[in-house]
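Enquirer:
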Amino acid sequence: MAHAAVFVSGVRCVLMYMVLPAAGPVVSQFDGVILPVNLALHVLTLVTTTLAFRRARRSDHPWRRALMTLAVFFFVFSLVTMAGELLIFMSPPVAP
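Each residue of the sequence shown is one higher than the one before, counting from 10 in the working numbering.
#1: Is the shortest distance between the beta-carbon of residue 49 and the beta-carbons of chain B less than 7 Å?
#2: Note down the Cα distance separating residue 85 from residue 104, rounded to an integer number of angstroms.
#3: Among the candidates 70, 64 and 59, whose CA atom is the shortest distance from the CA of residue 82?
#4: Hey, out of 101, 52, 15 and 47, whose CA is closest to residue 24's CA?
#5: Leaving out the 5 sequence neighbours to the left and right, which residues in its chain are closer than 8 Å to residue 94 when beta-carbon positions are compared?
#6: Given a cut-off of 7 Å, decide if residue 53 and residue 20 are closer than it, judged by their beta-carbon atoms.
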């Protein structure tokens with residue numbers, strides 16, 4: 010489950026910070042779709058990270074604490090990023 014959490018977070022980061030900015034003009038056409046999709050990816054990251062944390066906590070793995078620390082990092086990062094994106098999504102549009 011830790012691999013799934015890292016994979017989902019990585020895919021979200023690659024999409025939001027590499028693919029979408031590079032697509033520029035095409036992406037601007039779908040602005041109303043991108044934020045909800047990204048928020049859904051955040052929720053998926055939060056779920057997989059929570060499951061990974063719970064599984065690591067129950068295991069006797071020697072890297073249990075490192076895996077739990079990684080899960081907490083992904084969880085907090087995703088919450089902070091999601092809060093920022095919700096503020097952007099809920100804010101009124103700026104008049105040109």
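Glycine included, C-beta positions come from ideal geometry on N, C-alpha and C.
Expert: Let me lay it out:
#1: The structure shown contains no chain B, having only a single protein chain.
#2: Position 76 of the sequence shown, counted from the first residue, corresponds to residue 85. Position 95 of the sequence shown, counted from the first residue, corresponds to residue 104. Spanning the two alpha carbons is a distance of roughly 33 Å.
#3: Translated into positions along the sequence shown, residue 82 becomes position 73. Here the closest residue by C-alpha is 59.
#4: Within the sequence shown, numbered from 1, the residue matching residue 24 stands at position 15. Checking every option, the nearest Cα to that of residue 24 belongs to 47.
#5: In the sequence shown, counting from the first residue as 1, residue 94 sits at position 85. The answer, listed in chain order, is 44, 47, 48 and 51.
#6: Along the sequence shown, one-based indexing puts residue 20 at 11. Along the sequence shown, one-based indexing puts residue 53 at 44. Against a cut-off of 7 Å, the Cβ pair of residue 53 and residue 20 comes out as no contact.
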